[in-house]
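One structure below.
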Amino acid sequence: MIAAVPNAMPVEGFMGGLLIGLAAAIMLLGLGRIAGVSGMAARATGIADSGAPRNVAIAFVVGLPLGALLIAQTVGAVNVSFPASIWPLIIGGLLVGYGTRLGSGCTSGHGVCGLSRLSPRSVVATGMFMASGFVTVGLLRAGGWL
Amino acid sequence: MTRALIALLSGTLFGAGLAYSGMSDPARVQAFLDLFGQWDPTLAFVMGGAMLPMAVAWVIKSRLSAPLAAPTFDLPGTTKLDRPLAFGAILFGMGWGIAGLCPGPALADLAIAPGDVAPFVVAMFVGMAAQRFIPFISQKPKQAGPK
């Protein structure tokens, strides 16, 4: 535990990060693809016509809740706390869906896969969505919404 | 069939990593972005952890002529920094900050708190579909027209 940031989980975060990196490495070396969740989700639902083969995208997307369930069943309850109102979820969801398709990726594709490859587009995208997130949450706090 | 199983394994490990690392918790992710509140740096440790296997994987990839279970590598080849990339990343960052969710954790949470995350997931797919039909900025490079 770090005194200045009492809620931090550095060890669990790092270990979980290793699992995420391993998952992305399996996708890259096994199937030759980026483990980008927004692209896979768009492909799995048929919103995107190009990308991974449909069965690959569906299997990957189905795996995400399956993996979370596995942790909940073996390690223990996974704590999540959601915004009290439905509006941040709806507005946030619309922006995340539209933005990840327009910007060709999210935290997994640009962040994990692209940064580790030092892809210029991913470095720029990750810097911009991080900056945008910091500013947005800063404004929410300044406005008294948090 | 083998390929679908590999993808299922990858997705399952990914979802397990999200849940174990605390990244499936919207409040924790939002707290990382909340520099003026009770800041939570966990997300930075997750990104650090995820970089290591991937850094090794890119080195191994450079020595392979094809992936182990597919005929060819199919990776993004564009290096152009354009407006859709920038506007998309900014809009995504706004939504990420407002809800504390990005696509991976949102889908993983369908197993943890389906009722809570459902409105986000539905809205996310609506947003994705909207981008296809209302592209906002053309994603195709401008054709050089006849002068």
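Protein chains in written order, with the working numbering: chain B, 1 to 146; chain V, 147 to 293. Don't be surprised by glycine CBs; every beta carbon is placed ideally from N, CA and C.
The C-beta of R43(B) comes no closer than 8 Å to any C-beta of chain V. Interface flag for V192(V) against chain B is set, since a Cβ pair is found closer than 8 Å. Your pair G17(B) and F191(V) checks out as a contact, with CB atoms roughly 6 Å apart and the cut at 8 Å. Within 9 Å of the CB of G99(B), the CB atoms of chain V belong to F233, G234, A235, I236, L237, F238, G239, M240, G241, W242, G273, Q277, in sequence order along the chain. Between the stretch 22-37 of chain B and the stretch 187-201 of chain V there are three or more inter-stretch CB-CB distances shorter than 8 Å, so the stretches are counted as touching. At a beta-carbon threshold of 9 Å, none of the residues of chain V lie near S85(B); the nearest stands roughly 10 Å away. According to the DSSP assignment, L198(V) belongs to the alpha helix (DSSP H) that extends over 188-208. Around the beta carbon of R117(B), 16 or more other beta carbons sit within 10 angstroms, so the residue counts as buried.
Listed along the chain, the chain V residues whose CB falls inside 7 Å of the CB of G21(B) are G195, A196, M197, L198, P199, M200. Close to R209(V), with beta-carbon spacing below 9 Å, lies no residue of chain B; the smallest spacing is near 10 Å.
The criterion of a C-beta distance shorter than 8 Å is satisfied by L102(B) and F233(V). Beta-carbon to beta-carbon, S170(V) and L179(V) are separated by about 16 Å, too far to satisfy the 8 Å threshold.
Taking 8 Å as the cut-off, the beta carbon of G239(V) is found no closer than this to the beta carbon of S104(B). Residues of chain B whose Cβ lies closer than 8 Å to the Cβ of V267(V) are, in chain order, G93. The C-beta of G76(B) comes no closer than 8 Å to any C-beta of chain V. Membership of V78(B) in any alpha helix (DSSP H) is not indicated, and neither H nor E is assigned to it by DSSP. The beta carbon of G143(B) does not come within 8 Å of any beta carbon belonging to chain V, so the residue lies off that interface.
Distances from the alpha-carbon of V123(B) to those of P260(V), L231(V), F282(V) put L231(V) closest. Take G250(V), set aside five residues on each side of it, and the residues of its chain with a beta-carbon closer than 8 Å to its own are F160, G161, L164, M169, in chain order.
S170(V) sits in coil when the DSSP states are folded into three classes, being neither helix nor strand. Taking a C-beta distance under 8 Å as the contact criterion, L64(B) and R149(V) do not qualify as a contact pair. Rounded to the nearest angstrom, the gap between the Cα atoms of A173(V) and S81(B) is 6 Å. Annotated three-state conformation of D220(V) is coil, per DSSP.
With distances taken between CA atoms, V268(V) lies nearest to L89(B) out of S119(B), L89(B), M128(B), G51(B). Assignment of Q277(V) by DSSP, reduced to helix, strand and coil, places it in the helix class.
CA-to-CA, the gap between C106(B) and I236(V) works out to about 11 Å.
Exposed is the label assigned to Q73(B), since fewer than 16 other Cβ atoms lie within 10 Å of its Cβ.
Residue environment for P217(V): exposed (fewer than 16 other C-beta atoms within 10 angstroms of its C-beta).
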